[in-house]
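Participant: In full-length UniProt numbering, the protein residues as written are 1 to 150.
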């Protein structure tokens, strides 16, 4: 299920990224209909239910801060985990040192390659234009025009 897959495959990488302040990449590959989008996104149309947070062990805990749905895929789980951990770090620092400014930056790019087309999964427009195509430059593949959310 989505929870177990996240706990065993993604959570250790996310914890390492958060602790060591480095980048992570999750990449799925396979034929059409094999479940790549379901694994990455889950059931996006599902209404959000009770609020939950993810502990360092990856267990879901009922709480008021954030929420986790059983059908969520890697991307929403990772985002919930990252922001829950950042809030925990902020709370820990403020309680230790009093009122202190806590700054963090999260960058996310989420794209889908299908054939020779690139689709930005973070934009609200569902379009694929000729400028959103993969470029094959001297044997290297590069993506153009993806959005970056901070």
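Built from N, CA and C at the ideal position, the CB exists for glycine as well.
Give the DSSP-derived three-state secondary structure of residue 23 in the structure shown.
Facilitator: To locate residue 23, count along the chain shown from 1; it is residue 23. Note: residue 23 maps to coil in three-state DSSP.
Participant: I need the DSSP call for residue 14, collapsed to helix, strand or coil.
Facilitator: Counted from its first residue, the chain shown places residue 14 at position 14. Note: residue 14 maps to helix in three-state DSSP.
Participant: Would you call the CB atoms of residue 108 and residue 86 closer than 9 Å?
Facilitator: As a position in the chain shown, residue 108 is number 108, starting the count at 1. As a position in the chain shown, residue 86 is number 86, starting the count at 1. It is not a contact, given that the beta carbons lie outside the stated cut-off.
Participant: Going by the DSSP bridge assignment, what does residue 42 pair with across the sheet?
Facilitator: Numbered from 1 along the chain shown, position 42 holds the residue referred to as residue 42. Residue 42 pairs with 72.
Participant: When the distance is taken between beta carbons, is residue 110 closer than 9 Å to residue 40?
Facilitator: On the chain shown, position 40 is the one that residue 40 refers to. On the chain shown, position 110 is the one that residue 110 refers to. Yes, they are a contact pair.
Participant: How far does the alpha helix (DSSP H) with residue 2 in it extend, from its first residue to its last?
Facilitator: Locating residue 2 in the chain shown gives position 2, where the first residue counts as 1. Per DSSP, residue 2 belongs to the alpha helix (DSSP H) from 2–5.
Participant: What's the gap between the Cα of residue 4 and the Cα of residue 74?
Facilitator: Counted from its first residue, the chain shown places residue 4 at position 4. Counted from its first residue, the chain shown places residue 74 at position 74. Approximately 11 Å, taken between the alpha carbons.
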